[in-house]
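Asks: Residue numbers (the numbering used here): 368 to 646. The beta-carbon is built from N, C-alpha and C at its ideal position, and this holds for glycine as well.
Structure follows, in C-alpha cells:
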C-alpha cells in the first residue's frame, strides 16, 4: 500500500465554524517546520473541499447544522474508511503542502466530529480542536450569515446555534477516549495568553522552535461580549434568545467550562464534559 507522506506527520485541525480555526491554522503554518494547505483555490484552504471521500459539511446542512446529522459523525466503523480512501485523501492534499516541512496540517471544521475516522485512516496522526464559547460562536455565525447570505432557509436562532454547539461537543467529548493524540485548545486562552497556550501546542507537536504568537490579539472577542451583555433586557433584540439559552442550557454549558452569561473567558469545567486536556 502506497501511503505518502508518513501519517504521523499529519495534523488535523477542527472546530466549529467561527471558533478561530482559521487564524489558529495560519499561526501554525507560520512555523518553519509546519505546512498548511495553501493556494488551493477553495474556501479557507480547507481540505474537506479538496478530498473525494467524505461529504463536505454543507451536504449535512453546513455551519450550525452538520453535527445534528448522524452520518456526519465518522468513526473507524465508517464504510468510507479504507486504505484506498486514505490514499485518495492524501493525493488530493499533497500538491498543496510543502512536503519538505516536518508536519503537514489539514484544517476543516467537521474534523471536530471526525477524529476517530481520521485516526483510523492515518494512524499516528494528531488532532487539535479549537473550542470557543458557544454564545460567541452563535453570535459570530449570525453576523457572518447576514453578510454571506439572505436565504431565509438558512436562518437559525441563537438558541439553535447553541444547541448545535452542544451537540458537536458532546460527540467530541465521547470520542476523546478513543483518540490517541488529541489536544483541545480554547480560543479564549489562545487570545488572552497566546504564548502560554501555543507552548502547549508546541509540546504536543514536538516542535523545537516556539510558535510565533504575535498575530493573536485579545481584542477579537470583545464585540460579541458587549453585544451579549446588551441582551440582558428581554425587550432588546436578542433578549428573549438570551433568556432561552440561560434557562435551557446553562448547566450543560458550565459542564464544558463556560459561563453562559459571561463571554470573557474559559473557566474550570463543572462536569465530566470539560475538554481541557490532551489525550
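1) Are residue 507 and residue 432 touching if we call contact CB-CB under 8 Å?
2) Please determine if the stretch 413-420 and the stretch 455-473 are in contact, where contact requires at least 3 C-beta pairs separated by less than 8 Å.
3) Roughly how many whole angstroms lie between the Cα atoms of residue 372 and residue 498?
4) Can we say the stretch 590-598 touches the stretch 625-632, given the rule of at least three CB pairs closer than 8 Å?
5) Which of the three DSSP states, helix, strand or coil, is assigned to residue 394?
6) For residue 572, which three-state DSSP category applies?
7) What is the DSSP secondary structure of residue 553, reduced to helix, strand or coil?
8) Quick check: what's the CA-CA separation for residue 538 versus residue 480?
9) Go to residue 471, then tell me how far its beta strand (DSSP E) extends in each direction, as first and last residue.
10) Compare the Cα-Cα distances from residue 408 to each of 551, 612 and 463 and report the closest residue.
11) Write down the C-beta distance between residue 582 and residue 380 rounded to the nearest angstrom, noting that I regard them as a contact closer than 8 Å.
12) Could you tell me if residue 378 is buried or exposed, where buried requires 16 or more neighbouring beta carbons within 10 angstroms of its beta carbon?
13) Quick one: residues in its chain with C-beta nearer than 7 Å to the C-beta of residue 405, no 5 flanking neighbours on either side, listed in chain order?
14) Could you spell out the range, first to last residue, of the beta strand (DSSP E) harbouring residue 383?
15) What are the boundary residues of the beta strand (DSSP E) that includes residue 495?
16) Just to check, is the beta-carbon of residue 427 closer than 7 Å to a non-hydrogen atom of the ligand ZN?
17) Can at least three beta-carbon pairs, one atom from the stretch 523-535 and one from the stretch 483-503, be found at a separation below 8 Å?
18) Straight-line CA distance for residue 536 to residue 542?
19) Check residue 458 in the structure and name its three-state DSSP category.
20) CA-CA distance, residue 515 and residue 524?
21) Enumerate in chain order the residues of its own chain whose CB-to-CB distance from residue 489 is below 6 Å, with the five nearest sequence positions on each side excluded.
22) Expressed to the nearest angstrom, what Euclidean distance is found between the alpha-carbon atoms of residue 445 and residue 573?
23) How close, in whole Å, do the beta carbons of residue 487 and residue 443 come, if the pair is a contact with beta carbons under 8 Å?
Replies: By the coordinates alone:
1) Taking the first residue of the chain shown as 1, we reach residue 507 at position 140. Taking the first residue of the chain shown as 1, we reach residue 432 at position 65. No. Outside cutoff.
2) yes
3) One-based indexing of the chain shown puts residue 372 at position 5. One-based indexing of the chain shown puts residue 498 at position 131. For residue 372 and residue 498, the distance between alpha carbons rounds to 28 Å.
4) yes
5) For the purposes of this step, residue 394 is taken as the residue at position 27 of the chain shown. Three-state DSSP puts residue 394 in a helix.
6) Taking the chain shown and counting its residues from 1, the one referred to as residue 572 is at position 205. Helix.
7) If you number the chain shown from 1, residue 553 lands on position 186. In this structure, residue 553 counts as strand in the three-state DSSP scheme.
8) Your numbering for residue 538 matches position 171 in the chain shown. Your numbering for residue 480 matches position 113 in the chain shown. In a straight line, the C-alpha of residue 538 is about 6 Å away from that of residue 480.
9) For this step, residue 471 is matched to residue 104 along the chain shown. It spans 470-474 - the beta strand (DSSP E) in which residue 471 sits, taken as one unbroken run.
10) Counted from its first residue, the chain shown places residue 408 at position 41. Nearest of 551, 612 and 463 to residue 408, Cα basis: 463.
11) One-based indexing of the chain shown puts residue 582 at position 215. One-based indexing of the chain shown puts residue 380 at position 13. So it is not a contact: roughly 16 Å between Cβ atoms.
12) Working through the chain shown from its first residue, we reach residue 378 at position 11. When all chains shown are included, residue 378 counts as buried.
13) Along the chain shown, one-based indexing puts residue 405 at 38. Answer for residue 405: 412 and 463, listed in chain order.
14) One-based indexing of the chain shown puts residue 383 at position 16. That residue, residue 383, is in no beta strand (DSSP E); it is neither H nor E in DSSP.
15) Position 128 of the chain shown, counted from the first residue, corresponds to residue 495. It spans 493-498 - the beta strand (DSSP E) in which residue 495 sits, taken as one unbroken run.
16) Of ligands this structure carries none, so the ligand ZN is not represented either.
17) yes
18) Numbered from its first residue, the chain shown carries residue 536 at position 169. Numbered from its first residue, the chain shown carries residue 542 at position 175. For residue 536 and residue 542, the distance between alpha carbons rounds to 10 Å.
19) Numbered from 1 along the chain shown, position 91 holds the residue referred to as residue 458. If DSSP states are grouped into helix, strand and coil, residue 458 belongs with the helices.
20) Position 148 of the chain shown holds residue 515. Position 157 of the chain shown holds residue 524. Low per-residue confidence applies at residue 515: pLDDT is 45, beneath 50, and the placement is therefore not dependable, though the value from the model is reported in the following sentence. C-alpha separation (whole angstroms): 16 Å.
21) Position 122 of the chain shown, counting from 1, holds the residue named residue 489. So the list reads 374 and 377, once near-sequence residues are dropped.
22) Taking the first residue of the chain shown as 1, we reach residue 445 at position 78. Taking the first residue of the chain shown as 1, we reach residue 573 at position 206. Each residue's Cα considered, the two are about 30 Å apart.
23) For the purposes of this step, residue 487 is identified with residue 120 of the chain shown, where counting begins at 1. For the purposes of this step, residue 443 is identified with residue 76 of the chain shown, where counting begins at 1. Residue 487 to residue 443, Cβ: 4 Å. Contact.
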